[in-house]
Structures are given as structure tokens and as C-alpha cells.
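Trainee: Below you'll find the structure I mean.
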Amino acid sequence: MTAGQTDPVVRSPYGAVRGRYERGVAVFRGIPYAAPPFGPRRFRPPVPLPPWDGVHDAGAFGPTPPKPPYSEAFAHYLSDPVVPGDDCLNLNVWTPEPDPGARLPVLVWLHGGALTRGSSAVPVYDGHAFARDGVVCVSINYRLGVEGYGLFPDTPPNPGLRDQIAALTWVHEAIEAFGGDPGRITLFGQSAGAISIGALIAAPQTQGLVRRAVLQSGPPEASERAKVRRMVRRMATRLKIPATAEAFAAVDRDLLLHTQAEVGKLSSPVVGGPAFGIVIDGDTVPRDPLEALTAGGAAAGVELMMGWTRDEYRLWLVPGGLMDRVDRLGAVAFAAAMARCHCGSEVPRGYRALHPEARTADIVGQLVTDHLLRIPLHHLADARTEPSYVYEFAWPSNLPDLGSCHALELGFVFDTGEAPESRKLAGEGAPQDLADAMHAAWVRFARDGDPGWERWDAAHPVRVFGDRAPDAENGVAYTAYGPRDRELALWATDAAAVTLEEPVPTGRRSRWRG
């Protein structure tokens with residue numbers, strides 16, 4: 010903020026908002042995009058806000074949706090601030106030029122957290138660096154857990170996804186006033202946020218609203234209705250109420266969160282179990298999003314970037330000592346993995362043959378990660394005629410045992426590695442050159458549709474971020490392309506005998522190196 014510079018005021022179609030200048034960037038926090046989803050609106054689809062009079066002060070993050078805290082084991086690695094209040098359907102905007110004539114590219118962030126935790130207020134997700142580099146960055150809050158994804162007979166499904174559609178509609182209609190170009194909106198999200206993006210770009214209500222999308226560690230998918238319904242019924246049993254939205258709406262919010270946390274203890278991606286998720290509803294999700302995107306013609310013209318971390322599963326297994334427990338289970342763990350992945354015993358045998366030195370937990374973790382994440386994204390990239398780009402994040406955390414775990418790349422993408430919340434996963438001394446490379450790739454993709462490497466084709470080029478490969482000039486190439494010893498980072502795809510439901514091509518080295 011320069012001397013004499015006043016707080017920025019933007020006049021959007023919904024009303025005027027006053028933000029703050031921070032380090033040369035205009036920031037607007039806590040802007041409501043829908044009415045508070047409580048009282049008679051609880052468990053119902055979002056209700057639009059009428060335009061407001063006066064100037065809404067957007068100087069602080071708005072309330073976060075109700076959510077249980079992380080367990081002590083996970084809270085050691087992940088931060089999840091809570092801002093109290095009912096007006097939790099809000100969003101934030103970082104912009105370098107809050108002027109309707111700027112017409113800058115727009116990135117819209119959807120946070121992860123298994124659709125039960127997380128918010129736009131997590132410091133790792135600060136959008137300053139994107140605005141610094143010429144992109145308008147938006148982050149949103151949406152309903153979580155049973156409030157956002159409970160399945161009831163007396164209310165429409167997927168209210169959390171409907172919140173996201175409402176927020177995206179708000180962005181499309183209002184972002185020009187903040188300096189953004191509504192014709193260049195890129196969605197990006199991680200984990201549950203990426204899964205949400207798969208449903209959003211396939212939804213009939215959003216066609217034409219999104220130009221590009223980035224799916225980080227989350228494939229397009231729909232959950233089984235019976236599995237989500239089972240979560241609701243188990244909660245209803247504990248609460249001794251009918252499994253209806255009307256009955257749940259009468260329950261104290263804190264009691265509901267406590268019950269949800271107790272019932273959801275066995276909802277790990279590796280373990281499985283009942284969990285909240287997006288379901289086919291005949292409206293916002295008329296069919297499985299992966300099918301809609303690969304065979305249904307949805308999201309025509311939308312360019313995609315997608316990828317994963319090399320050791321996704323370690324964030325699921327390292328907290329609480331689950332790696333050691335899976336190792337001790339041995340054959341029982343392999344049997345559970347086969348059931349989870351719907352495969353025969355030849356699959357874990359193939360993984361073991363290729364990596365005889367690996368721990369049981371590593372084999373089980375990679376097997377489940379391939380099934381749940383990498384192979385669906387592989388199919389998505391193969392099926393799309395629009396440009397697609399694939400990456401892998403391979404830099405291992407400086408903290409013990411985490412490796413290149415789930416969510417570790419976020420501090421690099423946002424260039425927020427100096428935040429204490431980023432160091433909770435990365436440790437001290439994360440390489441800034443890696444953050445520079447990743448952040449720049451996301452900026453280029455939002456701006457031009459080209460992140461800086463070859464689009465996906467029959468040769469399957471994969472951009473590898475963070476490999477500790479030797480480099481003639483710099484000693485370590487944190488941003489090298491390969492060399493790959495497995496296609497798409499699938500652990501066992503260089504063994505033709507190993508299949509997960511259908512054949513995967515044998516491995517080949519990437520043809521690209523930085």
C-alpha cells in the first residue's frame with residue numbers, strides 16, 4: 010500500500026465491498042455468495058442473496074462451515090482454523106488490479122479435507138502470490154460433512170456441491186468488477202476439492218462457465234448412495250432420531266459434529282468404510298462424473314491439468330502409526346487391499362515382485378492409490394480430446410516418514426512455503442526453486458492453457474516436480490522430467506501381468522527431461 014492509498018472498494022452486481030491492500034495486492038475476504046444455510050435453510054440447497062445496500066466490509070475471513078477438528082495425530086501435520094458464525098457461504102478474492110478493464114485470468118480454489126474438514130482460511134491457501142503474478146485468485150467455503158453431503162429422503166442431495174455451483178455462478182457474474190475475465194476461469198482443487206471439480210465441470214448447470222481445470226490428487230467420481238446413507242443412518246442411531254433432514258436440523262450443531270466424527274473414524278481412503286461423498290442425483294450429478302467426462306461429452310472445450318504426489322498414502326498411514334500396524338497385518342492387509350481394489354492376488358504379488366525391498370504398508374498404500382487415484386486420472390487423460398497435462402510431485406518431505414505425501418505440494422503451488430502451516434508438512438528448508446517452478450506452471454496454465462510441458466498423448470509425457478535427480482549444472486534437479494521407471498508413476502505398470510480391473514500399458518520412460 011503506497012502513501013495515501015485508500016482501501017479498495019469494488020462495486021459488484023451484488024453490492025459494494027471494501028477490501029484491504031496487502032503487499033501491493035487488493036484482498037477481499039469473507040464476501041457472502043449465498044444466504045446463511047441455517048434455520049429453515051439448513052440441509053437445503055443454497056439461497057441467493059439479494060444485492061445489499063451500502064458497502065460490505067471484506068477485511069477478514071468469514072465464518073467457516075461447521076466441521077469437527079482433526080484428530081491429534083492429523084492436527085500435527087494439518088491446520089484447520091475455525092471462524093465462528095452462520096454466514097459460512099462466503100469467498101475471498103486476491104487481485105492485482107481491482108478494475109473492470111483489467112480482464113485478468115481467474116483461478117478459483119476448492120480446498121480438500123475429505124468433504125468433512127478444511128476451509129478457505131487455511132494460511133497455506135493464501136492467494137497473494139497468484140495476484141502478485143497477474144492472476145485473480147478466488148477461494149470459497151462450502152458446507153461439509155453431514156450438513157453438505159448427508160443423504161436424506163426429505164431434501165435434495167449434494168447441498169455442498171450446490172454451494173460450489175452457487176459460488177462459481179457468483180464468480181462468473183461478479184469477477185469482472187474485481188479485474189477478472191469471466192471467460193478465463195480456471196478451477197483448481199486438491200483431494201476432495203479435485204473430486205468436486207470433476208463433478209462441477211460435468212454438471213449441466215456449469216457448462217460454459219469454466220475454461221480450464223486442475224485436479225490435484227483427486228479423480229472425478231460419485232460415491233455409492235448406500236455408503237453415504239449408511240453414514241447418516243449410523244449417526245441417526247447414535248442420536249436416537251429418524252434419519253431425515255428435518256430431524257437432523259433440530260440437533261445441536263456441536264453434538265452433530267461430535268457424532269459425525271465418531272461415526273467417521275473408519276473412513277480413511279485406504280481402509281474404506283462409510284463416508285460422505287458426492288452422489289448421483291439426477292440434477293447436478295445426472296451420471297457418474299468420470300463417465301460423463303470420458304464418454305458423455307461433458308465439459309467440451311475445457312482444458313485439464315491433473316496429477317498426484319508420489320507417496321499419497323503416507324499422509325493417510327503415517328499419523329497414528331498406521332504404517333507399522335499395516336506391516337504387522339501382513340497377509341490380512343493384502344487381503345483387505347484386494348477387496349478394496351476389486352483385484353485378484355496376482356496384483357499384490359506383482360507389486361511385491363517388482364519391489365521386494367518394500368514394506369507391506371508401502372505396497373498396500375501404492376496399490377490403493379493406483380486404484381483410487383492414478384488409474385482414473387490416466388483414463389481421463391486418455392479419453393479427452395481437449396488438451397490435458399499430467400504431472401507428479403516427487404519431492405520428499407524433510408519430516409520423517411512422510412515422503413511425497415498427500416497435500417505436500419500445496420505450499421509449493423501457492424508459494425506459501427514460509428507459512429508455519431506449510432512447514433507442518435514440509436519441514437524446514439523446502440526448496441524455493443521447486444515452489445517457483447510449480448507456482449509458475451499453475452500461473453501459465455490459468456493464463457495460456459499451457460503449463461510448460463507437452464500435452465498428454467500416446468507417449469504419455471509426465472512432468473515430474475521434485476525428483477532428486479542429478480543435474481550437470483545445479484547438482485540436484487528438483488524440477489526434472491523423469492527419467493521414469495514406471496509410467497504415470499504407477500508402481501507396477503512395468504509388469505504386464507499386473508492389472509487393476511483392466512490392463513494398464515507397460516511402463517516406458519518419459520521422453521522429457523528438464
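Each residue of the sequence shown is one higher than the one before, starting from 10 at the first, in my numbering.
Don't be surprised by glycine CBs; every beta carbon is placed ideally from N, CA and C.
Taking residue 214 as part of the beta strand (DSSP E), name the residues at either end of that continuous run.
Mentor: That residue, residue 214, is in no beta strand (DSSP E); it is neither H nor E in DSSP.
Trainee: Look at residue 151 and residue 159 and say whether their C-beta atoms are less than 8 angstroms apart.
Mentor: Taking 8 angstroms as the Cβ cut-off, residue 151 and residue 159 do not qualify as a contacting pair.
Trainee: Give a yes or no on whether the C-beta atoms belonging to residue 319 and residue 401 are separated by under 8 angstroms.
Mentor: yes
Trainee: Leaving out five residues on either side along the sequence, give the residues of the same chain with a beta carbon under 7 angstroms from the beta carbon of residue 381.
Mentor: The answer, listed in chain order, is 278.
Trainee: From this set, 86, 101 and 137, which residue's C-alpha is nearest residue 32's C-alpha?
Mentor: The residue with the shortest Cα to Cα distance from residue 32 is 137.
Trainee: For residue 66, list the residues DSSP reports as bridge partners.
Mentor: Within the DSSP bridge table, the entry for residue 66 names 27 as partners.
Trainee: Count the other CB atoms, across all protein chains shown, that sit within 10 Å of the CB of residue 371; report buried if there are 16 or more and exposed otherwise.
Mentor: buried
Trainee: Determine contact between the segment 119–135 and the segment 198–213, defined as no fewer than three beta-carbon pairs at a distance below 8 angstroms.
Mentor: yes
Trainee: Classify residue 293 as helix, strand or coil using the three-state DSSP reduction.
Mentor: coil
Trainee: Specify the secondary structure class of residue 108 as computed by DSSP and reduced to three states.
Mentor: coil
Trainee: Excluding five sequence neighbours on each side, which residues of the same chain lie with their C-beta closer than 7 angstroms to the C-beta of residue 293?
Mentor: In chain order, 167, 170, 171, 174, 212 and 214 place their CB closer than 7 angstroms to the CB of residue 293, counting only its own chain and leaving out the 5 sequence neighbours on each side.
Trainee: Measuring alpha carbon to alpha carbon, tell me which residue in 95, 148 and 61 is nearest residue 36.
Mentor: 148
Trainee: Which residues mark the beginning and the end of the alpha helix (DSSP H) in which residue 298 is found?
Mentor: 298–303
Trainee: If you count every other CB in all the chains shown that lies within 10 Å of the CB of residue 368, and 16 or more means buried, which is it?
Mentor: exposed
Trainee: Quick check: the Cα distance between residue 265 and residue 231, rounded to an integer number of angstroms?
Mentor: 24 angstroms
Trainee: Using 8 angstroms for Cβ pairs, my map puts residue 58 next to residue 69. What's the rounded Cβ distance?
Mentor: The Cβ separation is near 19 angstroms, so there is no contact.
Trainee: Where do the ends of the beta strand (DSSP E) carrying residue 191 lie?
Mentor: 189–199
Trainee: Which of helix, strand or coil does DSSP assign to residue 508?
Mentor: Unreliable placement is indicated for residue 508, whose pLDDT of 36 sits below 50; the coordinate value is still reported in the next sentence. In the structure shown, residue 508 sits in coil (DSSP, three-state: anything other than H, G, I, E or B).
Trainee: Looking at the unbroken beta strand (DSSP E) that takes in residue 225, where does it start and where does it end?
Mentor: 221–225
Trainee: Would residue 317 be called buried (16 or more neighbouring beta carbons within 10 Å of its own) or exposed?
Mentor: buried
Trainee: Count the other CB atoms, across all protein chains shown, that sit within 10 Å of the CB of residue 437; report buried if there are 16 or more and exposed otherwise.
Mentor: exposed
Trainee: With DSSP as the reference, please indicate the residues paired to residue 73 in a beta bridge.
Mentor: Its beta-bridge partners do not exist; DSSP assigns none.
Trainee: Have a look at 327, 21 and 29 and flag the residue whose alpha-carbon is nearest the alpha-carbon of residue 15.
Mentor: 29
Trainee: Below 8 angstroms CB to CB, which residues in the same chain sit around residue 487 once its five sequence neighbours on both sides are set aside?
Mentor: Note that residue 487 scores 33 on pLDDT, short of 50, meaning its location in the model is unreliable and no value can be drawn from it.
Trainee: Flag this pair as yes or no: are the beta carbons of residue 224 and residue 299 separated by less than 8 angstroms?
Mentor: It is not a contact, given that the beta carbons lie outside the stated cut-off.
Trainee: DSSP three-state call for residue 179: helix, strand or coil?
Mentor: helix
Trainee: Could you tell me how far apart the beta carbons of residue 187 and residue 19 are, in whole angstroms, since I believe they sit closer than 8 angstroms?
Mentor: Going by Cβ atoms, the distance from residue 187 to residue 19 rounds to 5 angstroms, so yes, they are a contact pair.
Trainee: Return the CA-CA distance between residue 468 and residue 267, expressed in angstroms with no decimal places.
Mentor: 49 angstroms
Trainee: Let me check understanding here. Comparing Cα to Cα, which of 466, 449 and 470 lies closest to residue 460?
Mentor: 449
Trainee: Skipping 5 residues on each side, what residues in its chain have a beta carbon closer than 7 angstroms to that of residue 190?
Mentor: 112, 113, 114 and 115
Trainee: Suppose the cutoff is 7 angstroms on Cβ atoms and the five residues either side in sequence are ignored; what does the same chain contact list for residue 127 look like?
Mentor: Once the five neighbours on either side are set aside, the close Cβ partners of residue 127 are 89, 120 and 121.
Trainee: On the CB-based measure, 16 or more other CB atoms within 10 Å of its CB, does residue 22 come out buried or exposed?
Mentor: exposed
Trainee: Have a look at residue 428 and residue 133 and give me their C-alpha separation to the nearest angstrom.
Mentor: 7 angstroms
Trainee: Rounding to the nearest angstrom, what Cα-Cα distance links residue 51 and residue 194 in this structure?
Mentor: 30 angstroms
Trainee: Of the residues 80, 140 and 129, which one's Cα is nearest the Cα of residue 107?
Mentor: 140
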